[in-house]
Amino acid sequence: MKKTVLVSGGAGFIGSHVTVELLEAGYDVVVADNFSNCDRTCFEGVKKITGREDLPLEVMDFCDLKAVKALFGKYHIDAVIHFAAFKAVGESVAKPLMYYKNNLESFLNVLEVAGAQPGGCNVLFSSSATVYGEPDVVPVTENTPRKPATSPYGNTKTMCEDILRDTVKASDGALKGILLRYFNPIGAHPSALIGELPRGVPNNLVPFITQTAIGKRECLNIFGNDYPTPDGTCQRDYIDIVDLARAHVYAVTRMMEGKMKKDCEVFNVGTGRPVSVLELVNAFEKVNGVKVPHKFAPRRPGDVTAIWADPTLANEEMGWKATRTVEETLKAAWAWECHLAQQKETGSDDTGKATSLKDQILQAADKANEAISDAIDKVKEYSALSPEEKKAKQDEWNSKLTEAAEKASDSVKDIVDDIKEGADKLFKGKKD
Ligand code: UDP
181 MKKTVLVSGG
191 AGFIGSHVTV
201 ELLEAGYDVV
211 VADNFSNCDR
221 TCFEGVKKIT
231 GREDLPLEVM
241 DFCDLKAVKA
251 LFGKYHIDAV
261 IHFAAFKAVG
271 ESVAKPLMYY
281 KNNLESFLNV
291 LEVAGAQPGG
301 CNVLFSSSAT
311 VYGEPDVVPV
321 TENTPRKPAT
331 SPYGNTKTMC
341 EDILRDTVKA
351 SDGALKGILL
361 RYFNPIGAHP
371 SALIGELPRG
381 VPNNLVPFIT
391 QTAIGKRECL
401 NIFGNDYPTP
411 DGTCQRDYID
421 IVDLARAHVY
431 AVTRMMEGKM
441 KKDCEVFNVG
451 TGRPVSVLEL
461 VNAFEKVNGV
471 KVPHKFAPRR
481 PGDVTAIWAD
491 PTLANEEMGW
501 KATRTVEETL
511 KAAWAWECHL
521 AQQKETGSDD
531 TGKATSLKDQ
541 ILQAADKANE
551 AISDAIDKVK
561 EYSALSPEEK
571 KAKQDEWNSK
581 LTEAAEKASD
591 SVKDIVDDIK
601 EGADKLFKGK
611 KD
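According to this note's numbering, the sequence shown is numbered sequentially starting from 181.
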């Protein structure tokens, strides 16, 4: 029988590429996403690439424990790959609680429910090279000591690694875990039907390069040219998104086939090849025959000088190896940007935007329904009390009823906000 993999956050950049590779490797996939940081474009692209119009999609929030339980009740899940998390470093510094709450709670819920599955479950967590901080020695192996994180986002990665390790250990064999530490995933699927879709001004280098090349941005700032590296700009290990996605298939298969050496394993997912910012920009211009206006700017706070992977363990233990050249990857990234521009010109991305708006509103409506039902139940409960009981607990009931009414009212406000926000987005899309 085919095994089923749940991909939380499966409509995003990495999740959508992983879904394609899993389907192509013969797994059944359930995609779950709350579309808080992406629209339907990539999900629709996955269906087109794989011809799987029937690909299950669950619009849900992993912070909602009830919803996670219902999801595991609906499907027999053999493995979960967990991507559903916020990922903007700067935003995490400004809103730490939002990051801790979302990124930790969603993962805790996954582990709680996965660990209670009869027959157990396999969990793959999307970690990051950010856990190594500024390494003392490069390349980094899985045994390179982790450094204290420099942002709440980075901290959630380190914390989720520990949470998975501890939970697997305590689970008596019910849970198996793999932590994949990604280096810098870039590029897009060769079909140009899925790729990175940053909201607003991109923080990451490659989307900034492609948007500058197409004329959406005036000039790329290269942050720092006085680093102690061969050309003075930072060095990273840029890993093709399809190669990275394939690493997940290897990891899931390793878990399913019982090939793990330990119940919780860690693998670096990188190429082992350092590339500087300047080298990447030059390679992009050369391979695509386009100019990327750029200038040197001050260093960006928090950037590490140089980091790249020693991928030997993933190569030898999992049998996975990065295969695509930087040139192939940069061609794919450019083809994706051109595809987006073409879609905008023909207006064919409106359908995707409208569908994700619909999902957002339906989700808010579900929440409102729940809050209103809860308020009604509380009023009924109160009405059924005797006059003595009402009197004795008047204060307690006052606050209970007020709180329920406020929750119901807030949830209705959320729907209205979503409708307004959605309408604005669609209108803005037309003006751009
Ligand atoms: N970078 C840059 N200009 C940009 C965005 C990024 O020079 O507009 C540099 C950044 O300073 C770093 C490298 O590109 O040296 C990779 O940055 P990115 O944000 O893509 O990934 P990170 O390694 O920070 O996770």
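Ideal Cβ placement from N, Cα and C applies to all residues, glycine included.
**OP:** Using 10 angstroms around the beta-carbon of N549, count the other beta-carbons present and answer buried if the total reaches 16, otherwise exposed.
**Re:** Translated into positions along the sequence shown, residue 549 becomes position 369. Exposed, since its Cβ has fewer than 16 Cβ neighbours within 10 Å.
Original post:
Where D443 and L537 are concerned, what is the direct C-alpha to C-alpha distance, given to the nearest angstrom?
Top reply: Here the question's residue 443 lines up with position 263 in the sequence shown. Here the question's residue 537 lines up with position 357 in the sequence shown. Cα to Cα, the separation comes out at about 41 Å.
Subject >> Where H262 sits in the DSSP three-state scheme >> reply: Here residue 262 corresponds to residue number 82 of the sequence shown, with the count starting at 1. Reduced to three states, the DSSP call for H262 is strand.
**OP:** May I ask you to report which of helix, strand or coil DSSP gives E437?
**Re:** Taking the first residue of the sequence shown as position 1, residue 437 is located at position 257. Three-state DSSP puts E437 in coil, outside helix and strand.
Original post:
If you drop the 5 nearest sequence neighbours on each side, which residues of the same chain put their C-beta closer than 6 Å to that of E314?
Top reply: Here the question's residue 314 lines up with position 134 in the sequence shown. Within the same chain, E314 has close Cβ partners V484.
**OP:** Assuming G192 and N217 form a contact by the criterion Cβ under 8 Å, report the distance between their Cβ atoms to the nearest whole angstrom.
**Re:** Counting from 1 along the sequence shown, the entry for residue 192 is found at position 12. Counting from 1 along the sequence shown, the entry for residue 217 is found at position 37. About 7 Å; that satisfies the 8 Å criterion.
**OP:** Classify T433 as buried or exposed, calling it buried when 16 or more other Cβ atoms lie within 10 Å of its own Cβ.
**Re:** Counting from one through the sequence shown, the residue named residue 433 turns up at place 253. Counting Cβ neighbours within 10 Å, T433 comes out buried, since at least 16 surround it.
Original post:
Tell me the DSSP bridge mates of D420?
Top reply: Within the sequence shown, the letter at position 240 stands for residue 420. Answer by DSSP bridge pairing, in chain order: I366.
**OP:** Taking only heavy atoms of ligand 1 into account, decide whether any of them is closer than 7 Å to the Cβ of I374.
**Re:** The residue labelled residue 374 in the question sits at position 194 within the sequence shown. No; taking the cut-off as 7 Å, the Cβ of I374 has no heavy atom of ligand 1 nearer than that.
**OP:** Can you grab the Cα-Cα spacing for the pair T346 / G353, in whole Å?
**Re:** As a working note, residue 346 is residue 166 in the sequence shown. As a working note, residue 353 is residue 173 in the sequence shown. The sequence as given places Asp at residue 346; Thr does not occur at that position. Cα to Cα, the separation comes out at about 12 Å.
**OP:** Please name the residue in V559, I358, Q297 and L277 whose C-alpha comes closest to that of Y255.
**Re:** Locating residue 255 in the sequence shown gives position 75, counting from the first residue. The shortest C-alpha separation from Y255 is found at Q297.
Original post:
On the three-state DSSP scale, how would you describe I595?
Top reply: Working through the sequence shown from its first residue, we reach residue 595 at position 415. Helix at I595.
Original post:
On the three-state DSSP scale, how would you describe D612?
Top reply: Against the sequence shown, residue 612 aligns to sequence position 432. Unreliable placement is indicated for D612, whose pLDDT of 43 sits below 50; the coordinate value is still reported in the next sentence. Coil, per DSSP.
Original post:
What did DSSP end up calling G602 once you bin it into helix, strand or coil?
Top reply: Here residue 602 refers to the residue found at position 422 when the sequence shown is read from its first residue. Helix.
Original post:
In its own chain, which residues sit with a C-beta less than 6 Å from the C-beta of F252, not counting the 5 before and 5 after it?
Top reply: Here residue 252 is taken as the residue at index 72 of the sequence shown, counted from 1. When the five nearest sequence neighbours on each side are left out, the beta carbons in the same chain lying within less than 6 Å of the beta carbon of F252 are those of V293, in order along the chain.
Original post:
Since H474 is in the beta strand (DSSP E), which residue starts that stretch and which ends it?
Top reply: Stepping through the sequence shown from its first residue, residue 474 is reached at position 294. Its beta strand (DSSP E) spans residues H474 to A477.
Subject >> DSSP bridge partner residues for K327 (one or two, in chain order) >> reply: On the sequence shown, residue 327 is found 147 positions in, with the first residue counted as 1. Partner(s): none; K327 has no beta bridge.
**OP:** Measure from the alpha carbon of A463 to the alpha carbon of each residue in A393, K327 and T321, then state which is nearest.
**Re:** As a working mapping, residue 463 is identified with position 283 in the sequence shown. Minimum Cα distance to A463 is reached at A393.
Original post:
Is D352 near ligand 1, with its Cβ less than 7 Å from a heavy atom?
Top reply: Here the question's residue 352 lines up with position 172 in the sequence shown. Outside the cutoff, so no.
Original post:
Looking at K356 and M440, is the spacing between their C-beta atoms short of 8 Å?
Top reply: One-based indexing of the sequence shown puts residue 440 at position 260. One-based indexing of the sequence shown puts residue 356 at position 176. Their beta carbons are under 8 Å apart, which means M440 touches K356 by this criterion.
Original post:
What is the residue span of the beta strand (DSSP E) that S306 lies within?
Top reply: Locating residue 306 in the sequence shown gives position 126, where the first residue counts as 1. Per DSSP, S306 belongs to the beta strand (DSSP E) from C301 to S308.
**OP:** Go through its chain and collect everything with a Cβ distance to M240's Cβ below 7 Å, but skip five positions before and after it.
**Re:** Numbered from its first residue, the sequence shown carries residue 240 at position 60. A212, N214, A247 and L251.
Original post:
Would you report the Cα separation of E445 and F363, rounded to the nearest angstrom?
Top reply: As a first step, residue 445 must be located in the sequence shown, where it is residue number 265. As a first step, residue 363 must be located in the sequence shown, where it is residue number 183. About 17 Å.
Subject >> Contact under 8 Å by Cβ, V185 with A264 >> reply: Along the sequence shown, read from residue 1 onward, the residue named residue 185 stands at position 5. Along the sequence shown, read from residue 1 onward, the residue named residue 264 stands at position 84. Taking 8 Å as the Cβ cut-off, V185 and A264 do not qualify as a contacting pair.
**OP:** Note down, in chain order, each residue of its chain lying with its Cβ closer than 7 Å to the Cβ of A603, except the 5 sequence neighbours on either side.
**Re:** Locating residue 603 in the sequence shown gives position 423, where the first residue counts as 1. If we look at A603 and ignore the five residues flanking it on each side, it has no Cβ neighbours.
Original post:
What do you reckon, are the CB atoms on A268 and N383 nearer than 8 Å?
Top reply: Within the sequence shown, residue 268 is the residue found at index 88, counting from 1. Within the sequence shown, residue 383 is the residue found at index 203, counting from 1. Cβ distance < 8 Å, so A268 and N383 count as in contact.
Original post:
Can you list, in chain order, the residues of its chain whose CB lies under 7 Å from that of L237, leaving out five sequence neighbours each side?
Top reply: Here residue 237 is taken as the residue at index 57 of the sequence shown, counted from 1. Correct list, in chain order: V211 and F223.
Original post:
Tell me the DSSP bridge mates of T184?
Top reply: As a first step, residue 184 is located in the sequence shown; it is residue number 4 there, counting from the start. DSSP, once it has assigned bridges, lists D208 as partnering T184.
Original post:
What are the uninterrupted segments assigned as beta strand (DSSP E) that are 3 or more residues long and contained completely in the stretch 223-304, given in chain order?
Top reply: 237-239 and 259-262
Subject >> Straight-line gap, R426 to L202 (C-alpha atoms, nearest Å) >> reply: For the purposes of this step, residue 426 is taken as the residue at position 246 of the sequence shown. For the purposes of this step, residue 202 is taken as the residue at position 22 of the sequence shown. Each residue's alpha carbon lies about 8 Å from the other.
**OP:** Keeping to the same chain, check which residues put their C-beta closer than 7 Å to that of V348; ignore five residues upstream and five downstream.
**Re:** The sequence position of residue 348 within the sequence shown is 168, counting from 1. Excluding sequence neighbours, V348 sits near L355, K356, G357, D443 and C444.
Original post:
Does the pairing of the stretch 322-335 with the stretch 274-294 give three or more beta-carbon distances under 8 Å?
Top reply: yes
**OP:** Please go through the same chain and pick out, in chain order, the residues whose beta-carbon is closer than 7 Å to the beta-carbon of V198, but skip the five residues on each side of it.
**Re:** Here residue 198 refers to the residue found at position 18 of the sequence shown. Excluding positions up to five away in sequence, the list reads V187, I261, A425 and H428.
Subject >> Residue of K249, C518, Y562 and E586 minimising C-alpha distance to G395 >> reply: Mapped onto the sequence shown, residue 395 falls at position 215. Here the closest residue by C-alpha is C518.
Original post:
Can you tell me the Cα-Cα spacing of P473 and E398, whole angstroms?
Top reply: Counting from one through the sequence shown, the residue named residue 473 turns up at place 293. Counting from one through the sequence shown, the residue named residue 398 turns up at place 218. Using only the alpha carbons, I get a separation of about 7 Å.
Original post:
Taking just the CA atoms, how far does E525 sit from D612?
Top reply: In the sequence shown, counting from the first residue as 1, residue 612 sits at position 432. In the sequence shown, counting from the first residue as 1, residue 525 sits at position 345. Confidence is the limiting factor: at D612 the pLDDT is only 43, short of 50, which leaves the residue's position unreliable and the question unanswerable from this model.
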